[in-house]
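In order, the protein sequence lines correspond to chains X, E, L and H.
Each residue of the first sequence is one higher than the last, beginning at 22 in our numbering.
Each residue of the second sequence is one higher than the last, beginning at 22 in our numbering.
Each residue of the third sequence is one higher than the last, beginning at 22 in our numbering.
Each residue of the fourth sequence is one higher than the last, beginning at 22 in our numbering.
We put the beta carbon where it would ideally sit given N, CA and C, even for glycine.
Structure record follows, encoded as C-alpha cells.
Number of protein chains: 4
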Amino acid sequence: MGGQHWVGVARGVADRLAADAVEREGKGAEPLPEIALLRESGLLALTAPAGLGGHGQDWATAHAVLAEVAAADASVGHLLGYHYLHLWRLWLFDVPERAAELVRATVEHGWFWAGVANPRDDALVLTDAPGGGFTVDGRKFFATGASVADRLVVSGLHPPTGDKLTFVVDAGTPGIRYLGDWDNLGQRMSASGGVDFRGVSVPARDVLGAQPAHDAPTAPRDSLPALGFQLVLSRVLAAVGRGALETAADYTRTHSRAWPAAGVDRAVEDPHVLAAYGGLRARLDAADLLVDAATAAFAEADLAGAALTAGARGDLSLRVSAAKVVTADLAVEVANRVFELTGARATSARVGLDRFWRNARTLTLHDPTVYKATELGRHLLTGELPVPDGYS
Amino acid sequence: MGGQHWVGVARGVADRLAADAVEREGKGAEPLPEIALLRESGLLALTAPAGLGGHGQDWATAHAVLAEVAAADASVGHLLGYHYLHLWRLWLFDVPERAAELVRATVEHGWFWAGVANPRDDALVLTDAPGGGFTVDGRKFFATGASVADRLVVSGLHPPTGDKLTFVVDAGTPGIRYLGDWDNLGQRMSASGGVDFRGVSVPARDVLGAQPAHDAPTAPRDSLPALGFQLVLSRVLAAVGRGALETAADYTRTHSRAWPAAGVDRAVEDPHVLAAYGGLRARLDAADLLVDAATAAFAEADLAGAALTAGARGDLSLRVSAAKVVTADLAVEVANRVFELTGARATSARVGLDRFWRNARTLTLHDPTVYKATELGRHLLTGELPVPDGYS
Amino acid sequence: MGGQHWVGVARGVADRLAADAVEREGKGAEPLPEIALLRESGLLALTAPAGLGGHGQDWATAHAVLAEVAAADASVGHLLGYHYLHLWRLWLFDVPERAAELVRATVEHGWFWAGVANPRDDALVLTDAPGGGFTVDGRKFFATGASVADRLVVSGLHPPTGDKLTFVVDAGTPGIRYLGDWDNLGQRMSASGGVDFRGVSVPARDVLGAQPAHDAPTAPRDSLPALGFQLVLSRVLAAVGRGALETAADYTRTHSRAWPAAGVDRAVEDPHVLAAYGGLRARLDAADLLVDAATAAFAEADLAGAALTAGARGDLSLRVSAAKVVTADLAVEVANRVFELTGARATSARVGLDRFWRNARTLTLHDPTVYKATELGRHLLTGELPVPDGYS
Amino acid sequence: MGGQHWVGVARGVADRLAADAVEREGKGAEPLPEIALLRESGLLALTAPAGLGGHGQDWATAHAVLAEVAAADASVGHLLGYHYLHLWRLWLFDVPERAAELVRATVEHGWFWAGVANPRDDALVLTDAPGGGFTVDGRKFFATGASVADRLVVSGLHPPTGDKLTFVVDAGTPGIRYLGDWDNLGQRMSASGGVDFRGVSVPARDVLGAQPAHDAPTAPRDSLPALGFQLVLSRVLAAVGRGALETAADYTRTHSRAWPAAGVDRAVEDPHVLAAYGGLRARLDAADLLVDAATAAFAEADLAGAALTAGARGDLSLRVSAAKVVTADLAVEVANRVFELTGARATSARVGLDRFWRNARTLTLHDPTVYKATELGRHLLTGELPVPDGYS
C-alpha cells in the first residue's frame, strides 16, 4: 500500500485524537491509549523495511503522516516522530544484524521506541559489569516518550575508555525509574519527564556502538540524527500552526459572532478576520513546503549513507535550520493570533484553543531558534557550515 | 496622606499577591482573600472623597495603584479598577445624596463593588412590583467580580417605559444566583462568571436613574463610564506586560543557563537576550506614558462634569482607544516573547510564567482592538469622532 | 538544450545587469539596451515552441530564468515575465494559425512584446473603419514595457457590440504615442508610462477575439492570464528580496565595519547581523518554494487547456494569491531591513542599495495584498473560490 | 513670548518647508535658504538666554519646535536640533564669559552653528602654532550642517598633551574646505558632507577646553552632549513618522481611489486603511510621549549641572535610549507602510512620499538601534548603567 493509504490512516488517527484532545490533555494521564492507537493503526511499523515485516514507507510518507497526527495532537505527533528516528538510528551503528533483529521484533510486538540522551544533562555512566556488559547509573531530564516506551535507545559515558556508548534496553528493566515530573506548559501528553537509572544491567550485545558521539563525529552520516530530530520538531511545529488555524477557522465558522462595529452579519464576513486568516494560511503553506524540501534533502542524505560528504551534510543542516526558523516563529504566531479571530468566548477552557499556543511555545524552546538563524546568516556571509553537535 | 503613600501601599499588596500568584490561580478559588487584602490595605476606599470618610485620591493615584496591583495579579487589578469605576458611576446619576450615602457606607463597611451590565447580552427585565419598586429577572454572562462583591450596580430594561434603568443591590439579595461558570484561559481569579436574577426585589430608592443609556446618551458626561472601563483595561494590560517582563527578567537573572552557541557564560550576557529585553522595555515605557496621558485626560473630563462637550469627550475617547491599541498588542507580545528569553525550563507549570500570556490574551478579547484602531484611523482621515456606545 | 542551460544563460544576463544596475537606473534612459541584451541572449524566444523556432521551454524554466534576471534588475525581470505572458496569451484566443504566425515572427525578428490593458483605466474605444477593421482611440496609464516593445497586445471596447476586443499591433504604428511619464519610486527601468491612441488603424485580422473579457469569462482557461500576471509579480518580488539580501550580504562582507559595542572585530561576526540575515534567508527560501509550487500549478492548469475546471482554476488562484501575499510582505521587509545589517555608509547613493526597496514597494502596490489575503481567508472559512477578474 | 508662540512660529516655518519639500530636495542645493528661513523666523535664537538677547526658551519648547519643523523637513529639523546643541555645549566648558560672548554674537548676527566631531573618524590634529594658538589639520566625514554654518564647534587631538581639545571657529576660515560629498539616500538637505582642515589657525582664546572627552569624562555633566544628540535624533525620527502619516493621510483623503474588492466607495472607508492608519497613529502618540519624557529628563539633568550624579546621568541615558529604540523602529515602519494606504499612484516621484522612508532609514543608521536596546536590557537584567561614550 502506498503513501497515500498511510496518510489516510493517519487522518483517521488524527480525527480520533482531535475528538477528545482537550479532555485527554485535561486529565493529564500517561499517553498509553494514544500509543495503543498508533500501534493498532499500523503507524508504528510504517517505516520499518518491508523485508523485516514493516510497511516500508519512506521519509516523505512518514512526515506526511506526522503532519496529520501532530496537527490534531502535537504530543502524539512528537512521540511518533521520535519513534521513527530512534528506530532508524539503529542502522547508523555498525551492527546491521542486531538492527534488523530489533526492527523485526518491533514490527512483531508493536514496540514503541523512545530515547534517553538529552545533550544538556550530565551523562549516564556505564560501569563494566563483572560478568561482561555494563551497569548503568545516573539521571536524565526530559526523555520524551520514555515512560510509555517499550524499548529505549540510551547514551552514556564509559569512563575507562572515554567512549560515549549507545545501547538499547527494555524500558521495563529493573532499576529504571520514570520520574513522571513533566508538568509543563505544553506538550503535556508527550511523557517528557526524567528517567533515573540505578544499577541497570545492559548486556554487551545491547550496546550498539560508540556512535554517534556529537563531540567527535567520524563520518557525516553519523551526525544525521540531530538533524532528524530538528526536522521532526519543525514538522510538528508546522502542524501545530496548521492545527491552530483550522481549529480556529472551524470555531469562527460555527461559533463566533460578528462584532457590531464590523457592520457585517457574520464573523466570516469581517474584513479583518478574513485577511488575517488568509495571511496566516499563505505563510503556513510556505512553511510546509520548506519542511517538505528539508525532508526530501534528509531522505537523500540518508540514502547517500557512507558516501554522504561533509558539504552535503552541511547543506542539509542549513535546510533543516531554515525549516526550524520559519516554523518556530510561525507556529507561535498563528497559535497566538487565532484568538483575535475567534473572539472572547474562545478563551473558554472547554474550547481549549490555547493548547496550540502552549504546545508551540514549549516546542520552540527545545533549543533557541535565534541560533539556527545565526547558522544560516553565518553561512550566507562567510560560507561556513554549521558544526555538527546535538542540535545541528 | 498623598498619592505616593498609596502607591507604596499598593506595592505592598502587590508583593503579597505576587508571592503566591501561581498557587492561588492553580487552586482557582473565589478571590475572597484577595478582596479582603484590598479591604484591609485601605485601597477599596482610596477614591472615596475625604468628606465621606475615604482617602480622597484622584484618578492618577488610582491608576498608579492599579498598575502595581495588576502587574502582580491581573485579576485583582481588574477587580479593583472596576470597583473604582462602579463607585464613581454612582455620581453620574441625578441622585447625589443617595450616592453620598452609598459611598459613605462603602467606606464604613469596606464594601467591594461590581457591576452587572455586559452590553452584548440580552437585558435583565424590571417588572413593576405591586408595592412600588421593581422585580428583576434574567441572566447576564461575564459579570466580573459580582460573585465576590458586597454591592452591585446593575442595568436592566423596564419594558413599560422602554427605559434602561440602573440600580444598586446588595449582592446577597435572595434571588441572585452566581453561576460560577468562569472557566477561561486567563483572568481566572476575576470572578467573571454569569449571574442569574429570579424575582429579585429592588426598592424604588435603589434605582439610580435611566442613565447612562448607551443607545441614547444625553450629555457627554453620561457616556464616560465606557471610557473608564476601556481605560482600566488598558492599564491592566500595560501592567500585565510589565509584570511579564519583570518576572521573566528575574527568572533569566536567577535561573536561565546560557546557550552553548551564544559563547557566553551567563544568560544575562547573551546578546539576543539583552537586546530583546531592552526593546520590549522601551515599548512598555512608551505604553505606560500613553495610558498615563489618557488617565489625565479622563480625570480632566470627569472634572468638567456637565460642562464636558461632545468634542472633548470625543478627543478623550480617541486617547483611550490609542492606549487600548498599544497596550493590547504589546501585552500579548511581551507575555508571548519572554519565553524566548528565559529558556525551556521556564515552561514548567511551577514557574507559571504563562499566566501573563493567558491574562493578556483574555483581556485583549474583551472587545476587538482592531475596531479601536479603526476609530483612530477614521478620525485621522475624516475628522469623525467615535460614537459613544458600550465600548467607546 | 535543457532548462539548466537557460538558467545559466539567465545568470550571465543577470551578472551583466547587476554590474551597472545603479548607474543605468540613475540615467533613467529607456531600457532598450536591456531588451537588446535579452534578445541576444535568446531569452525572448525561450518559451516559444520548438516547432515554431523557439527554445520550447516550460513555465518552470521560464520562472527560473525570471528569478535570476529579476534579482539583478527587477525592471528587466518584470518586462521579460510580461513578454512571456503576452506571447502565451495569443494561444488563448480561437485563432491558432494567427498565433503560430505571430510566435514564429517573434522568434525570427526577436520581437519584444508588451500589453496595453490596465483594468483600472477607462477602455480604449474601437470604431468600425470604413474599409473593414477598426480605428482605435483613447489613453491608458501604466502600460509596462509598451514604449520599448516591438508588438503590443491591446484590449479595447467596441461599443456597437459591447465586446471587449483584444488585438495585436505593431508598436510603431502611426497614432500610437508613448507618454514617457513613468517617473515613479521604483521599477524605473520598466518603461511603464502611459500610451495614447489617436486614430490607430487595426485591420480585422489583427483582432484576436473577444477573449478574455474579465467581466464575462466563458471558460476557466480564458481567465488564466490574470493569474499569470500575478504569478510573475510574485516571482519578481521574491527575486527582489533575494537580490536585496545577497547584495547586502556582499556589502556587509566587504565593506561594513563592526560596531564598537558589538565587541567583535568584523561585521560578519556581529550576533545581530548574523541572526537577522539568517532569519530573512530562511523566509526567502520558503517564499521561493511557494512561488515554485504556484508556478507548477499554473503550468498544469495551462496544460489542461479547455478541460480546466472552474474548481481547478479556483485552486490555482488561491495558490497564486498565497505566493503574492508572502512575497509582497517579505520583499518589502527584506529590502527595508538590510540597511540595518550594512550600516550607515550603505545609504550612499553610489551603493544604491535602496533600489530593492523602491522596486519592492512599487511592485507591491500593483494591487493591494490585503485583498489577496482576504481571498485566502474567505476560502478557508466559507469554501468560496475567488471570482475571476483582472487581478484574480 | 511663551513656548506656545514659538511652536506657532515653528508651524509657520514648517508649512513653508512642506510646501516645496519635494522640489527642494530634488534640486539638492545646499540648504542655505532653509537656514535663512530659520534665521528670519527667530528660531536660531530660540534657546539663547534672554539676558544675552535670545528668546530664552527651554528644552521642552525647543523640542516642540523641532517636532514641527522636522515633520515637514527632517533635514532642516536635524540641522536646527544640532544647532541648539552646539550652542548649548559652549556652556559645558569652563569658559562662561567666552560662552556668553559667543551666544550674544549668535543672536546679534543670526549665526547658525554646526559641529565637526564624528567619533568614528580619525581625529583632527592640533599643532602648536609659533605665536600661540594652534594649527589644525585633518579630515572628518559626516559633519552635519558644517558647510552651511557660520560657526563650527570642532574637536581635535593635541598630541603633545594627549588632550582632546574643543574649539570654535568661523566656518569661513581659510584652510577649511567642505567636500560636498553627501550624496545619500536620505537627509539629503542636511549638508552632512565631509570637512577638510589644512593649516587652519585657531587662536588660543577659541579653544573652549579639553572637555568633554568621551574616553575620560570627568563629571557626569560633561558627557551630556552625546545624550542630547541622541535625543534630537529621536525627536526627528518621531517627527518623520508623524510627517509620513499625516502626509499620507492627506493623500488618501484627497487622491486615493477605493479598491474594487473593498466594496466601498472611497478609500477612507476601506476597513484595512482605517485600521492601519489608526494603529500607526496610536503608536506614534506613545512614541512622542516617550521622547517628551526623555526631553524633560534631559532638561532636568541640564539644570542639575555640576550636581548631576553618575546615577542620574545613567537613568537619563536609559530614557534617551528607550526613546531612540521606539522612534527608530516606528519611523521606518510608518514611512514604509503608508504606501499600502495610499495606493500605487502615490509612488510617483511628484508625490515624493518616499522621502520620509529615505530620511528615517538614513537617520536610524546613525548608530545601530539594537545596541541601544542592549543597554536597556542589560540594565534591566544586571542593573548596569550605560558607559558614557560618543553615542551613549
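For this session: Mark K345 of chain H as exposed unless 16 or more other C-beta atoms lie within 10 angstroms of its C-beta, in which case mark it buried.
Result: Counting the other CB atoms within 10 Å of its CB gives K345 of chain H a total of 16 or more, which places it among the buried residues.
For this session: Answer with buried or exposed for T182 of chain E, where buried requires no fewer than 16 other C-beta atoms within 10 angstroms of its C-beta.
Result: Classification of T182 of chain E: exposed, given that the 10 Å Cβ count is below 16.
For this session: Flag this pair as touching only if the stretch 113–129 of chain E and the stretch 271–283 of chain E have three or more C-beta atom pairs under 8 angstroms; answer yes or no.
Result: These segments do not touch.
Problem set entry | Whole runs of the alpha helix (DSSP H) within the stretch 158–185 of chain H, excluding any shorter than 4 residues | Secondary structure remark: continuous alpha helix (DSSP H) runs of at least 4 residues inside the stretch 158–185 of chain H: none found.
Exercise. Where DSSP assigns a beta bridge to L147 of chain H, which residues make up the other side?
Worked result: Residue pairing of L147 of chain H in beta bridges, as defined by DSSP: H:V157.
Exercise. Do the CB positions of L147 of chain L and F218 of chain L come within less than 7 angstroms of each other?
Worked result: Cβ atoms of L147 of chain L and F218 of chain L: not closer than 7 angstroms.
Exercise. What does P292 of chain H touch in chain X if you count any residue whose Cβ is under 7 angstroms from its own?
Worked result: Near P292 of chain H (Cβ distances below 7 angstroms), the residues of chain X are P292 and H293.
Problem set entry | Between the CA atoms of L362 of chain E and L329 of chain H - distance to the nearest angstrom | Using only the alpha carbons, I get a separation of about 34 angstroms.
Exercise. What does L402 of chain L touch in chain X if you count any residue whose Cβ is under 8 angstroms from its own?
Worked result: Going along chain X in sequence order, the residues near L402 of chain L (Cβ under 8 angstroms) are A270, T273, R274, V289, V294, L295 and Y298.
Exercise. Thinking C-alpha only, which one of E:T82, E:Y412 and E:D115 is nearest G102 of chain E?
Worked result: Relative to the Cα of G102 of chain E, the nearest Cα in the group E:T82, E:Y412 and E:D115 belongs to E:T82.
Exercise. How about A234 of chain H: is its C-beta nearer than 7 angstroms to some C-beta of chain E?
Worked result: Confidence at A234 of chain H is low in this model, with a pLDDT of 46, below 50, so its placement is unreliable and the value that follows should be read with caution. For A234 of chain H, the answer is no, since every Cβ of chain E falls outside 7 angstroms of its Cβ.
For this session: Enumerate, from N- to C-terminal direction, the unbroken beta strand (DSSP E) stretches of 3 or more residues contained entirely within the stretch 56–144 of chain E.
Result: Counting only runs that start and end inside the stretch 56–144 of chain E, the beta strand (DSSP E) elements of at least 3 residues fall at 134–137.
For this session: Determine which residues share a DSSP beta bridge with V216 of chain L and list them.
Result: DSSP output for V216 of chain L lists L:K161 and L:Y199 as bridge partner(s).
Exercise. Along chain H, which residues have their Cβ under 8 angstroms away from the Cβ of G398 of chain E?
Worked result: By Cβ distance, chain H contributes V294, L295, A296, A297, Y298, G299, G300 and R302.
Exercise. So G214 of chain X and D202 of chain X are in contact, right, with Cβ under 8 angstroms, and what is the actual spacing, rounded?
Worked result: About 5 angstroms; that satisfies the 8 angstroms criterion.
For this session: Could you tell me which of H:A356, H:R376, H:V216 and H:A279 sits nearest to R302 of chain H, measuring between CA atoms?
Result: For R302 of chain H, the nearest C-alpha among the options comes from H:A356.
Exercise. Counting only beta-carbon atoms, is D375 of chain L nearer than 7 angstroms to chain H?
Worked result: The beta carbon of D375 of chain L falls within 7 angstroms of a beta carbon belonging to chain H, placing the residue at that interface.
Problem set entry | Within chain X, partners of A370 of chain E - CB distance below 8 angstroms | Going along chain X in sequence order, the residues near A370 of chain E (Cβ under 8 angstroms) are D204, N205 and L206.
Exercise. Contact check, G249 of chain X vs F319 of chain X under 8 angstroms by CB: the rounded distance?
Worked result: The pair is a contact, with the Cβ atoms about 7 angstroms apart (cut-off 8 angstroms).
Exercise. With distances taken from CA atoms, which of H:D184, H:T395, H:D171 and H:W378 is nearest W280 of chain L?
Worked result: For the residues H:D184, H:T395, H:D171 and H:W378, the minimum Cα distance to W280 of chain L belongs to H:T395.
Exercise. G411 of chain E: which of E:L67, E:L397, E:D243 and E:H179 sits nearest, CA to CA?
Worked result: With distances taken between Cα atoms, G411 of chain E lies closest to E:D243.
Exercise. Would you report the Cα separation of R376 of chain H and L58 of chain H, rounded to the nearest angstrom?
Worked result: Separation of R376 of chain H and L58 of chain H (C-alpha to C-alpha, rounded to the nearest whole angstrom) is 21 angstroms.
Exercise. Cα separation between A234 of chain X and L64 of chain L?
Worked result: Interpretation of A234 of chain X is limited by its pLDDT of 46, a score under 50 that renders its predicted location unreliable; the figure taken from the coordinates is listed afterwards. Going from the Cα of A234 of chain X to the Cα of L64 of chain L covers about 51 angstroms.
Exercise. Near H130 of chain H, which residues of its chain fall below 8 angstroms by C-beta distance, leaving aside the five closest residues on each side in sequence?
Worked result: Here the set comprises D171.
For this session: For H334 of chain L, collect the residues of the same chain with a Cβ closer than 6 angstroms to its Cβ; drop the 5 residues on either side in sequence, then sort them by chain order.
Result: Residue identity differs from the one stated: residue 334 of chain L is Arg in this sequence, not His. Answer for R334 of chain L: P241, listed in chain order.
Exercise. So with Cβ pairs under 7 angstroms, would you call G199 of chain L a contact of chain H?
Worked result: The residue asked about is misnamed: residue 199 of chain L is Tyr in this sequence, not Gly. Using beta-carbon distances, Y199 of chain L does not count as an interface residue toward chain H, since no partner is under 7 angstroms.
Problem set entry | Endpoints, alpha helix (DSSP H) assigned at G193 of chain X | Per DSSP, G193 of chain X belongs to no alpha helix (DSSP H) and is neither H nor E.
For this session: Mind checking who T187 of chain L pairs with in its DSSP beta bridge?
Result: In DSSP, T187 of chain L forms a bridge with L:S176 and L:G230.
Exercise. Is it right to say Q25 of chain L is buried, meaning 16 or more other beta carbons lie within 10 angstroms of its own, or is it exposed?
Worked result: Q25 of chain L should be labelled exposed.
For this session: Count the other CB atoms, across all protein chains shown, that sit within 10 Å of the CB of E405 of chain L; report buried if there are 16 or more and exposed otherwise.
Result: Exposed, because fewer than 16 other Cβ atoms sit within 10 Å of the Cβ of E405 of chain L.
For this session: Just tell me which of L:L254, L:L351, L:A325 and L:V391 has its CA closest to the CA of L384 of chain L.
Result: If we check each option's Cα against that of L384 of chain L, L:L254 comes out closest.
For this session: Would you kindly work out how many angstroms separate the C-alpha atoms of S96 of chain H and N380 of chain H, rounded to a whole number?
Result: Approximately 8 angstroms, taken between the alpha carbons.
Exercise. Using a C-beta cutoff of 7 angstroms, does D306 of chain X count as contacting chain L?
Worked result: For D306 of chain X, the answer is yes, since a Cβ of chain L falls inside 7 angstroms of its Cβ.
Exercise. In the structure shown, what three-state DSSP assignment does V223 of chain L receive?
Worked result: In the structure shown, V223 of chain L sits in a strand (DSSP, three-state: E or B).
For this session: Write down the C-beta distance between A69 of chain L and V128 of chain L rounded to the nearest angstrom, noting that I regard them as a contact closer than 8 angstroms.
Result: The pair is a contact, with the Cβ atoms about 5 angstroms apart (cut-off 8 angstroms).
For this session: Spell out the partners DSSP gives R278 of chain E in its beta bridges.
Result: Its beta-bridge partners are E:R287.
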